[in-house]
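In what follows, a single structure is set out as structure tokens and then discussed.
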Amino acid sequence: MARKDTYGKADDLHFFKVNGTESSSNSEYQHIPASKIKMSPFNEGMPMDEKMISEYADSMRKTGLLQPISVYDLNDGTFEIISGHQRFVAWCTILNHPTIPAVVRPNEPDVRKRFAAHTDANTKNRKLDGRFWCSRITQAKKVLSKTGSIGSRADEIKQLTEMLGIGQAQIYRLESFANLSPALQECEAKGLLSVKKSLLAKGLELNQQEMVAEEVKNFAVHKAATEEEDVSELTEQEFISILNNVKKGTAKPTKSRLSYADKTAQAGKSFLKMLSKSKTTQEKQAALEAINELRKKLDEAENKIRSTT
């Protein structure tokens, strides 16, 4: 089974609680000129999903903008986005609308509270990996540094939990995760390891961590090819076994153990998985065309194989 998201997700389509309030009434809209709207300075490192933006635009062409964005009134004639960055791009940049419906909040002078509101609004239902949260911690620390509000380590951690909405243990864990090799961090991003599990490798040298990451990827591919499931997170015991092999210098390339049957099974499952992800009308049409074309090629391949046996 694929791992559960450790820190939650963010759905840019819905209203979010901001500073203890939540919008539920269309009467609170204001139509604000796109030229007066600024992206949040805290959006740095926040992934902008180009596919999602394109899907938003396709949907908006048919239904309009069903949910407004949320903004702060900066009291100078401009507004800063709290949530809805992707909707703003779809509505105003792709579809070229000069104004956009927005729920306007009073300006929040405390930059720490603004950071917390932005994090809360944009991370609830979006799949975010450990590297994102490490970046977010770094940003939060910069905010604290600029405001001169960093005191003791305990005070810093307390403020970080308030700004990020995650627990102290998670912050300590993520700070350690940030020191792992990029290859191991990538394994976590792909869902092969959890942040907590990745930290079992923190005592290894960097080159050993790179070897572990390679073994994890190979093991996951082999596992997916031999079991009736997609590539999924390794169990703790599976990961510990890889760690021990690397420590002993006995790690072997898992790819060499893949049989021809495994490889063909893996290729078929990958293709079917890709087809199952078709969502838009255009993608479904492309999937049907690919299936028809593949069906012809499979018949040709089968006839060729049978004729040579």
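Each residue of the sequence shown is one higher than the last, beginning at -8 in the numbering used here. The beta-carbon is built from N, C-alpha and C at its ideal position, and this holds for glycine as well.
Within its chain, find whatever has a CB closer than 8 angstroms to the CB of residue i; leave out the 5 residues flanking it on each side and keep chain order.
i: Leu155; result: Ala107, Thr110, Trp124, Arg127, Ile128, Ala131 and Ile162
i: His22; result: Thr90, Ile91, Pro92 and Ala93
i: Val102; result: Val134, Lys137 and Thr138
i: Thr69; result: Lys27, Ile28 and Lys29
i: Asn170; result: Lys193
At what residues does the beta strand (DSSP E) containing residue i begin and finish?
i: Val80; result: First-last for Val80: undefined, no H or E at that position.
i: Arg117; result: Taken as a continuous stretch (DSSP letters only), Arg117 belongs to no beta strand (DSSP E), as it is neither H nor E.
i: Ala93; result: Thr90 to Arg96
Could you pull the start and end residues of the alpha helix (DSSP H) that residue i belongs to?
i: Gln200; result: Leu197 to Thr217
i: Pro173; result: Pro173 to Ala180
i: Thr272; result: Thr272 to Ser298
i: Gly121; result: Gly121 to Thr138
i: Asn34; result: That residue, Asn34, is in no alpha helix (DSSP H); it is neither H nor E in DSSP.
i: Ser185; result: Per DSSP, Ser185 belongs to no alpha helix (DSSP H) and is neither H nor E.
i: Ala145; result: Arg144 to Leu155
i: Glu166; result: Gln159 to Phe168
i: Glu229; result: Glu227 to Lys239
Report all residues from its chain with a CB closer than 6 angstroms to the CB of residue i; omit the five preceding and five following residues, and keep chain order.
i: Phe33; result: Phe106 and His109
i: Asn283; result: none
i: Asn98; result: Tyr63, Asp64, Leu65 and Asn66
i: Ala281; result: none
i: Thr54; result: none
i: Arg52; result: none
i: Cys83; result: Ala25 and Ile91
i: Pro100; result: none
i: Ser15; result: Any reading at Ser15 must be qualified, since the residue scores a pLDDT of 39, below 50, and its modelled position is unreliable; no value is offered.
Got a sec? Which residues, its chain only, sit under 7 angstroms from residue i by beta carbon, not counting five neighbours each side?
i: Glu71; result: Lys29, Ser31, Val62, Tyr63 and Leu65
i: Tyr47; result: Gln77, Arg78 and Ala81
i: Lys275; result: Ser269
i: Lys188; result: Glu227 and Phe230
i: Arg122; result: Gln176 and Ala180
i: Ile148; result: Gln159 and Ile162
i: Glu19; result: Val94
i: Lys238; result: none
i: Lys288; result: none
i: Glu35; result: Gln130
Which residues share a DSSP beta bridge with residue i?
i: Glu71; result: Lys29 and Tyr63
i: Tyr47; result: Paired residue(s): none; Tyr47 is not in a bridge.
i: Pro24; result: Thr90
Measure the beta-carbon distance from residue i to residue j and round it to whole angstroms, keeping in mind my assumption that it falls under 8 angstroms.
i: Ala192; j: Leu175; result: 6 angstroms
i: Asp120; j: Glu41; result: The pair is not a contact, with the Cβ atoms about 17 angstroms apart (cut-off 8 angstroms).
i: Ile233; j: Val203; result: 6 angstroms
i: Thr112; j: Ile73; result: According to the sequence provided, residue 112 is Ala. The question's Thr does not apply to it. Correct: roughly 5 angstroms between the Cβ atoms.
i: Thr85; j: Gly75; result: Looking at the sequence provided, one finds Ile at residue 85 rather than Thr. About 14 angstroms separates the two Cβ atoms, so there is no contact after all.
i: Ser172; j: Glu153; result: Not a contact, Cβ separation roughly 31 angstroms.
i: Asp49; j: Thr271; result: 6 angstroms
i: Phe168; j: Leu190; result: 6 angstroms
i: Val207; j: Leu195; result: The pair is not a contact, with the Cβ atoms about 13 angstroms apart (cut-off 8 angstroms).
Determine contact between the region 131 to 148 and the region 184 to 195, defined as no fewer than three beta-carbon pairs at a distance below 8 angstroms.
no
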